[in-house]
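Taking it in order: structure first as structure tokens, then the write-up.
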Amino acid sequence: MKTTPAVGTPLSRIEGKQKVTGTARYAADYNVPGLLHGYVVNSPITKGRIVQVDTIPALAVEGVVEVLTHKNRPGLAWFDLQYTDMDAPPGTVFKPLHNADILYNGQPVALVVATSFETARYAATLIRFVWEEEPFDTCLQNHPEKARPAKKGFATALRPPPPKPTGNFEAAFANAAFTVDADYRHSTEHHNPIELFATTTIYEGNGKLTIYDKTQGTINNQLFVANVFGLHYKNVQVLAPFVGGAFGSGLRPQYQLFLCVMAALHLKRNVRVVLDRKQMFSLGHRPQSLQNLRFGADATGKLTAMSHLAVSETSQFEDYTEQVVAWSHKLYPAPNTLFDFKVVPLHLNTPIDMRAPGGCTGMHAIECAMDELAYRIGIDPLQLRLLNYSETDPSTGKPFTSKALKTCYLRAATQFDWFKRDGRPGVTTRGNKLVGYGMATGIWDAYQFPARVEAIITAEGKLVVHNATTDIGTGTLTVMTQIAADAMGLPVAAVTFEYGDSKKPFSMFQGGSAITASTGSAIMVTAEVLKKKLLKKAQSIPNSPLKNAGMEEVIFTNGTIRLRQTPRQAVSFKQIIAANNGKPIKTTRMGMPHAIKLRKYTKATHSACFVEVEVDKDLKTITVTRAITAVAAGKIINPKTARSQISGSMVWGISKALHEETILDEHLGKYINTNLGEYHIPVHADINTLEVIFAEEEDTLINELGSKGVGEIGLVAMPAAIANAVFHATGKRVNKLPIHFDELL
Amino acid sequence: MTNISFTVNGQPRTVTVAPWVSLLDALREHLHLTGTKKGCDHGQCGACTVLCEDKRILSCLTLAVMKNGRSITTIEGIADGEKLHPLQQAFIDHDAFQCGYCTPGQLCSAIGMLHEGKARTREEVKELMSGNLCRCGANVGIIDAIMQVKETYSHE
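Chains as they are written, first to last, in our numbering: chain A, 43 to 787; chain B, 909 to 1064.
Pasting the structure below:
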């Protein structure tokens, strides 16, 4: 009789059938009548201005409807603030086709609109620009003197400036028994979801637009469009029921949305704009970075001094920042610390968050420095972590809401057979391969955003839940359905979660591993209110067996409310709705982070990663043959989709450590490997055994669910674990990512 | 403009397209079969993989006019009505996708690869599926799903 709990079960993705049959529709998959196709033209120069633009040859092509440039674009909002968005860094947001100025290579400078995609693409080659080029700088290493603290603004709340120094770092470092002083360098990376950025705008007339957009935030983009184009927000509906990956690139409204909407309003027609792969490298990126770490330990291996200095790039118009340097002190207690984070403004587009922004940058350096320190001291790298383990947050002295990192270390190490390894570098071999074992720690914030949820019990006694969030492949639809089913005492089959629509109640963008905690907790809060409403209505039924029963005296199970003591006495949801004259019963509530209570705690997910690599003795090619990640993230709602999140981000870890990098030509000021043939991400042949462990972690404080996010934590530890394994295999420390085989020759 | 008559998912279809229109764009824009995905338009990602007769091809590197008179199967034609192809079911069971965007290409490619009959081991399957990129990192699930179906097939 009792509904089996759905939370904690490995339910297959609810939208799975749509995804394997090709019926799942993404932003470019809506074929509407009279659709026009837009093709974007991008600047080939890096800095300067457009002196002249001739669109006549392009307009002469049969099928071309319009060419929009800064010269003839329609009038738009006047104030910079109207172009801002929920994820905009401090500064002045970039405005496409605003004027003749070129701020970065690849900046959109024109949109050709035609009756077919091929015509628009061809006509785009006929536009003649005269450019005036100015000197530029895109090289981070050349300009350490330009590094300055980042400006503060609205977005600083989620990415605070570096922590203040403690104690006397320089003195402590000078007196340390063992020290490490190392520099780390990271290349630029681009998100490259396989889905090209696309927007289909349906012109409904009367100032109304229906927009299918590739985004991580339907409401973020709805408000952006309304503000920029002077429309009432209620007349702008942004839909993103399926999103073909985004990894951060969809956190801000991208320029194809702006250009598509502009063309649709200008022409009063339905318009689609799809970017090509090269243009996908002009949407923002993970910034190049330079880091210096100095760690000192006493004779017993206890850390006494930690310094972490990072310099990262940003654009000339916005100060993009990441949380790079704060992590070591959330893990390891050291009385003397020095942290700094600075930006160098370059003539590039503003970077944008990319999976585990800052965390996977900083933790690579921190965990490689820890490995190096362990070898200096002559103890096992895991032993060094355990020696410096802290149950409380060393940076604040506050307790964690939960922290099962030690369980992660021990379970993963045991499963990996870590303790059997020969710690000496370069001595373990397998045929013609050098074998290396490395480990690292991961930590990531456990965010929760406010979210609003509407929950409805229908005439059939079923539950429909509404929220504006997207599901970018994370499993949000499935996970929310499970949470809602258990919250209302219904089987999963009786629950529908409707999402990906700006008309639904509020959700922030889907980022920071926060949506399960945000929308999930809001569902819990809303369900409690809805249950009370249902009970009250049930009690109003003549001769109701639930009369006078309080909430604690009843249970909600399988679509009925039953008395806890005498479960045969029950009223079904259907009966309740019938008593309500067949009208659905609904409620809408906001779920909020418990900000005041949680001020006394630090919230974080943790992980431990163990990696085996093989390095060819002659060619020095590197293969990750086996990797285990143990994760502590509170309650795991769906072990199947959560496992995919972790193993997927482990693939990202392999990619970051060994494969992916956007190469910037500092003389041309542009990225030169802007295609998937030359921007390397792992293929199937690069991926071997990946194992995922979820450590038991009960968290009664964090939120209504006791759950933290799993979207990013799987990536954080992996690059350092791989780099440490490469050292163990070869005896060489390569502190630059990605590690290329030639650096081992 | 050129008339092309071919069989798509078992149905005779005719489209009138310019000679430079790719098979991918003809399927998506003219036949409204949007299950086949565009990820690079350069033959580098595999998202646009379809079957021509039993052979896997990249529809972005194929002009529609080249397939006049031929038989094309897209992701929309893989299931038998409501009954999923065993590989489609295996993809769901093994959680062989996250965002789902590369999935149509992975499935068509895997069906073509199994038909080629060249891959014997897991390593060979991985190698011969390496033209299909998955950015979500669902690689392990994808290969697990293919291996499960491959074994069932070879036992028959």
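From the three backbone atoms N, C-alpha and C, an ideal C-beta is built for every residue, glycine too. Fair warning: this is a prediction, and the values are worked out from it, not measured in the lab.
Taking each of A/A672, A/L251 and A/K256 in turn and checking the Cα distance to A/V267, the smallest one comes out for A/L251. Beta-bridge annotation (DSSP): A/V278 is paired with A/L251.
Secondary structure remark: continuous beta strand (DSSP E) runs of at least 3 residues inside the segment 930-963 of chain B, in chain order: 957-960. At the C-beta level, A/I764 and A/G401 stay beyond 8 angstroms of one another. Beta-carbon to beta-carbon, A/S549 and A/Q264 are separated by about 11 angstroms, too far to satisfy the 8 angstroms threshold. The three-state secondary structure of A/H79, taken from DSSP, is strand. With a threshold of 8 angstroms between beta carbons, A/F359 makes no contact with chain B.
Annotated three-state conformation of A/S582 is coil, per DSSP. For B/T982, the neighbours in chain A by C-beta distance under 9 angstroms run, in chain order, G64.
Not flagged as an interface residue toward chain B: A/K778, since no C-beta distance is shorter than 8 angstroms. The beta-carbon of A/F159 is placed less than 8 angstroms from the nearest beta-carbon of chain B. One finds C1007, G1008 and Y1009 in chain B with Cβ atoms closer than 9 angstroms to the Cβ of A/F284, taken in chain order.
The three-state secondary structure of A/Q333, taken from DSSP, is strand. When secondary structure is reduced to three states using DSSP, A/M396 falls in the coil class, being assigned neither helix nor strand.
Around A/R67, the beta-carbon contacts reaching into chain B at under 7 angstroms are T942.
With the rule of 3 Cβ pairs closer than 8 angstroms, the segment 369-378 of chain A counts as touching the segment 338-352 of chain A.
Taking the Cα of A/H709 as reference, the smallest distance to any Cα among A/E57, A/K89 and A/Y81 is reached at A/K89. For A/D413, there is no enclosing beta strand (DSSP E); the enclosing alpha helix (DSSP H) covers residues G401 to I419. A/P235 has a beta carbon lying within less than 8 angstroms of a beta carbon in chain B. With a 10 Å radius around the Cβ and a threshold of 16 neighbouring Cβ atoms, A/D223 comes out exposed. Residue environment for A/M632: exposed (fewer than 16 other C-beta atoms within 10 angstroms of its C-beta).
Per DSSP, A/G58 is one residue of the alpha helix (DSSP H) stretching across G58 to T63. The beta carbon of A/Q358 sits closer than 7 angstroms to the beta carbons of L145, P387 and H389 from its chain, once the five residues preceding and following it are set aside; these are given in chain order. Rounded to the nearest whole angstrom, the CA to CA distance from A/P635 to A/P99 is 57 angstroms. With fewer than 16 other Cβ atoms from the protein chains shown falling within 10 Å of its own Cβ, B/S913 counts as exposed.
At a cut-off of 8 angstroms between C-beta atoms, B/C953 counts as an interface residue with respect to chain A.
One alpha carbon belongs to A/T241, the other to A/V315, and they sit about 5 angstroms apart. Not flagged as an interface residue toward chain A: B/L966, since no C-beta distance is shorter than 8 angstroms. Residue pairing by DSSP puts A/Y713 in a beta bridge opposite A/L706.
For the segment 681-696 of chain A, the set of residues with a beta-carbon nearer than 8 angstroms to any beta-carbon of chain B comprises K682, T683, R685, S686, Q687, S689, G690, S691, M692, V693 and W694, in chain order. With a cutoff of 8 angstroms on beta-carbon distance, A/L786 and A/K698 are scored as not near each other. A/I696 and B/L1041 have their C-alpha atoms some 15 angstroms from each other. For A/R170, the enclosing beta strand (DSSP E) begins and ends at R170 to E175.
Nearest to A/G80 by alpha-carbon distance, out of A/T161, A/D96 and A/P52, is A/T161. Around A/N73, the beta-carbon contacts reaching into chain B at under 9 angstroms are R936, E937, H940 and T942. With fewer than three CB-CB distances shorter than 8 angstroms, the segment 509-529 of chain A does not count as touching the segment 452-470 of chain A.
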